[in-house]
Amino acid sequence: MKEIQIISNPCGGDATMQFPPAIVYKNGKVEPSPNGDLDWRLSVPRGMQNKIFFRPATPPRRWVVFMFNSAVDQQSADRFIAAFVNRSRDHGIQMPNPSRSEEYDRTDINFLLEKIEFMRRNGVEYILFITRDRYDSLTEIKCGVVTQHIRSNTLFKSIGNRGAEMTLDNLIMKMNLKLGGITHALTSSAAFLNKNRLTNNIMDKEWLRCTRMFFGLYMSHAAPQSLYERQAQIPPNEPTVVAMTYSCGEPFAMQGEYWMQEPRLHIAKFLKEHVEKAVRLFRATSEEKRLPEHVFVFRSGVSEGEYTKIINEEGRQFREAFIAAADGRAECVRLTIVVMQAHSNYRIYPEYPRQGSASQQNVPPGTIIDVDVVHPTQTEFIFVAHKSVMGTARPIRATVLVDDEPRMSMDELEGVTNALCYAHGIVTSPISLPAHLYAAVDLAKRGRNNFKTEQNIADDNGSSSGSDGRGHFTNDGSVDYFPMMSAELANKLKYKFWA
1 MKEIQIISNP CGGDATMQFP PAIVYKNGKV EPSPNGDLDW RLSVPRGMQN KIFFRPATPP
61 RRWVVFMFNS AVDQQSADRF IAAFVNRSRD HGIQMPNPSR SEEYDRTDIN FLLEKIEFMR
121 RNGVEYILFI TRDRYDSLTE IKCGVVTQHI RSNTLFKSIG NRGAEMTLDN LIMKMNLKLG
181 GITHALTSSA AFLNKNRLTN NIMDKEWLRC TRMFFGLYMS HAAPQSLYER QAQIPPNEPT
241 VVAMTYSCGE PFAMQGEYWM QEPRLHIAKF LKEHVEKAVR LFRATSEEKR LPEHVFVFRS
301 GVSEGEYTKI INEEGRQFRE AFIAAADGRA ECVRLTIVVM QAHSNYRIYP EYPRQGSASQ
361 QNVPPGTIID VDVVHPTQTE FIFVAHKSVM GTARPIRATV LVDDEPRMSM DELEGVTNAL
421 CYAHGIVTSP ISLPAHLYAA VDLAKRGRNN FKTEQNIADD NGSSSGSDGR GHFTNDGSVD
481 YFPMMSAELA NKLKYKFWA
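First residue of the sequence shown: 1, per full-length UniProt numbering; consecutive thereafter.
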């Protein structure tokens, strides 16, 4: 047996820098400088033209404001509503004034569902909640109405003297996605094309082409059962939540869904039926009315020990879904699956760090390492796409598990991954994960919140569900328990309702 040694100095490696994309709005682009710096802001100085969203959402025909427990005074609420409506119009959403604004003292879920259902029956399509505190129960979307929650401190900031426009812009970007809009698109920057002497816009024509479909797949696992529950062999009530997001006809239009399965199971079940539904929707919304020619999956929430199962079991379910959705047509769909490990032990920092803030001392956004320190037999790369403002940047380890012929080059894999970190649509900066996977993480949280809210409705009805461990859902050991829960908690909304 060889002796194990610990080296005192970190390993060195050669890194490359991915050039940021240009950010596309309806009335112009934000281009990075020749050295790769991107000054990306939605707000502009007075007198300049505001940036119009790439595809402004269709405004709700009727919308209302619900304020709870005197979260803000009426004068501040009126100022905020006026600023919210006017700023929405600045970005291309022709937002009408709210039909009504109401104030309530109750926040229990049954009361909220009753009010939301009443509004839905009266043609309300969007409800803005204003509260003093955070309430997970307000994430419930059972009634099929788009909702958005704003806390009072955020409201006051949006009408204050510092950072008001930026705060309003963040709220409106989120609303735009919830209502089906696209905040911005991406394209190859002029500086990137010039530096690489390219005449073909590689991002539009190759990397983010409209015939390529992107998926994000993430699993949120339940907490372990107590020792008593395990010894008594009580079936677990709380599920693992599987969240799947996907592009619809074009890379930046996104929808998603979640479902429930047995806890602690690390391979997604029921994947075939959901993927089939998604690729059929892609065909219905694409210009060519065809299935995607290439499906690119960003997968997270699994360890290295599960890689073989991902390749064999989830890969099989994707391929079966493609065949089922083809309806006998000769449509061949390529498949690529890349696993993203957000909690790897890798850390990357410059050999000669500069003085200054954390963002100045860290590696710049777009830093990628694909040699020296990566796995010797697997296709993988380690990257930092975001700007870290505290501590050492936590890199993402990307490992390619499936890549059908003709295989993607490393340049394309890395270029696509880095570009999609600029496609989140809610912030004007790159995020740490590709937008579709980041959205799947958020959607899994929404699914778990909805489960917990539904499970605790009995408490609002005055029952003692907490005392005997029984809530709305009780696992009787039936094989239909988790599918029935999924059907009851399934979302009724289109677009990126969970933004």
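All residues carry an ideal CB built from backbone N, CA and C; glycine is no exception.
Only a predicted model underlies this, so the values are computations on that prediction, with no experimental measurement involved.
Within the segment 104-155, the alpha helix (DSSP H) runs of at least 4 residues that lie entirely inside it are, in chain order, 109-121. In this structure, residue 272 keeps its C-beta atom at 8 Å or more from the C-beta atom of residue 306. Comparing alpha-carbon positions, the option among 59, 106, 77 and 110 lying closest to residue 95 turns out to be 59. Judged by DSSP in its simplified three-state form, residue 29 adopts strand. Per the Cβ contact rule, the segment 17-37 is not in contact with the segment 156-165 (fewer than 3 Cβ pairs under 8 Å). DSSP places residue 339 in no alpha helix (DSSP H) but in the uninterrupted beta strand (DSSP E) bounded by 334-341. Look at residue 255 here: in three-state DSSP terms it is strand. Secondary structure of residue 354 (DSSP, three-state): coil. Assigned with DSSP and collapsed to three states, residue 63 falls in strand. When only Cα atoms are considered, residue 349 and residue 331 end up about 45 Å apart. Rounded to the nearest angstrom, the gap between the Cα atoms of residue 286 and residue 293 is 12 Å. Here the C-alpha atom of residue 104 lies approximately 19 Å from the C-alpha atom of residue 79. Unbroken beta strand (DSSP E) stretches of 3 residues or longer found wholly inside the segment 45-99: 63-68, given in chain order.
Counting only the Cα atoms, residue 339 lies some 24 Å from residue 204. Of the residues assessed, residue 230 falls on the exposed side of the cut-off, its CB having fewer than 16 other CB atoms within 10 angstroms.
Taken through DSSP and simplified to helix, strand or coil, residue 227 comes out as helix.
Put simply, the segment 192-206 does not touch the segment 220-237. Fewer than three CB pairs are less than 8 Å apart. In this model, residue 183 and residue 5 are separated by some 51 Å (Cα to Cα). With distances taken between CA atoms, residue 153 lies nearest to 71 out of 71, 87, 415 and 367.
If the five residues before and after residue 492 are omitted, its C-beta is found closer than 6 Å to the C-beta atoms of 144, all from its own chain and listed in chain order.
Contact check for residue 297 against residue 217 passes: the beta carbons are separated by less than 8 Å.
Residue 376 and residue 370 have their alpha carbons spaced roughly 10 Å apart. For residue 316, the enclosing alpha helix (DSSP H) covers residues 315-326.
With fewer than 16 other Cβ atoms from the protein chains shown falling within 10 Å of its own Cβ, residue 45 counts as exposed. Rounded to whole angstroms, the separation of the alpha carbons of residue 407 and residue 269 is 27 Å. According to the DSSP assignment, residue 486 belongs to the alpha helix (DSSP H) that extends over 481-489.
Across the set 453, 482 and 499, the C-alpha of 499 shows the shortest separation from the C-alpha of residue 438.
Within 10 angstroms of the beta-carbon of residue 411 lie fewer than 16 other beta-carbons, which makes it exposed. Taking C-alpha positions only, residue 29 is separated from residue 53 by approximately 11 Å.
Here residue 247 is near residue 214, since their CB atoms are less than 8 Å apart. Below 8 Å, enough C-beta pairs join the segment 432-448 and the segment 333-347 to call them touching: three or more. Looking at 312, 259, 10 and 122, the one whose alpha-carbon comes closest to that of residue 487 is 259. With a beta-carbon spacing of about 34 Å, residue 41 and residue 336 fall beyond the 8 Å limit used to define contacts.
Residue 347 and residue 295 have their C-alpha atoms some 30 Å from each other. DSSP places residue 447 inside the alpha helix (DSSP H), whose first and last residues are 435-455. In this structure residue 13 is not in contact with residue 61, their Cβ atoms being roughly 56 Å apart against a cut-off of 8 Å.
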